[in-house]
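Just so we're aligned, residue 1474 is where the sequence shown starts under the numbering used here, counting upward by one. Below: one structure, written as structure tokens.
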Amino acid sequence: MHTQPSGAGPSAALVDDLFRRKLRRTGLRMAILAILEQAGTHLSVSELGRLAIAVQPTINTSTVYRNVAAMRDSGVLHSIDYAGETLFGLARTPHHHLVCDQCGTLVEIPAEQFASVAAGLASSCGFALSPAGQVLHGRCQGCAGAL
Ligand SMILES: [Zn+2]
Ligand SMILES: [Zn+2]
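Now the structure itself:
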């Protein structure tokens, strides 16, 4: 585990994602990946824009929006609905999201923890659960304990 200083590039694996999805490695896309990697969570496009412009003052918000959308559409990023906002995260590691309705905490869980649920739904209802990106609502450990 290492943390990168602000303005550092994204890890090689993420840069490789851009190659594999046939996206050009522009400075802005690299900055967006680095910001999300460093944040270790999901961010709104306005927050992404604010942080990206801090690193690259020559870009504007609409450019950030366009690039975030392109990166989501190509599968490098993914988006979730969270408290009325759209948040963007890295899609590299398939995961689902646990959202605490009380305090708003968002926790990522590896998609494989859901494999048995997905298999059950497939056999009982023929429903093919999306392999990643589910948002599950409930109460986090702290909030459930406080009740
Ligand atoms: Zn996510
Ligand atoms: Zn909570």
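We put the CB at the ideal spot given by N, CA and C, even for glycine.
Integer-rounded CB distance, given that residue j should sit under 8 Å from residue i
| i | j | result |
| --- | --- | --- |
| A1507 | G1482 | 6 Å |
| L1594 | Y1555 | Going by Cβ atoms, the distance from L1594 to Y1555 rounds to 23 Å, so no, they are not a contact pair. |
Close beta carbons around residue i, own chain, < 8 Å, minus the five adjacent residues each side
| i | result |
| --- | --- |
| N1540 | T1499, L1501, R1502 and I1505 |
| F1587 | H1569, L1602 and Q1607 |
For residue i, three-class secondary structure by DSSP
| i | result |
| --- | --- |
| L1516 | strand |
| D1574 | coil |
| S1552 | strand |
| A1486 | helix |
| G1557 | coil |
| L1501 | helix |
Other residues of its chain near residue i: CB distance less than 7 Å, five sequence neighbours each side excluded
| i | result |
| --- | --- |
| L1560 | H1515, L1516, S1517, S1552 and I1553 |
| S1547 | R1494 and L1496 |
| V1549 | D1490, L1491, R1494, L1496 and A1564 |
Nonlocal neighbours in the same chain, by C-beta distance under 6 Å from residue i, ignoring five residues either side
| i | result |
| --- | --- |
| G1522 | T1534 and V1537 |
| D1574 | H1610 |
Outcome for residue i when other beta-carbon atoms lying within 10 angstroms are tallied against a minimum of 16
| i | result |
| --- | --- |
| A1592 | exposed |
| G1562 | buried |
| A1486 | exposed |
| A1525 | buried |
- Message: Going residue by residue through the stretch 1561 to 1607, where are the continuous alpha helix (DSSP H) segments of at least 4 residues, counting only ones entirely within it?
- Response: 1588 to 1598
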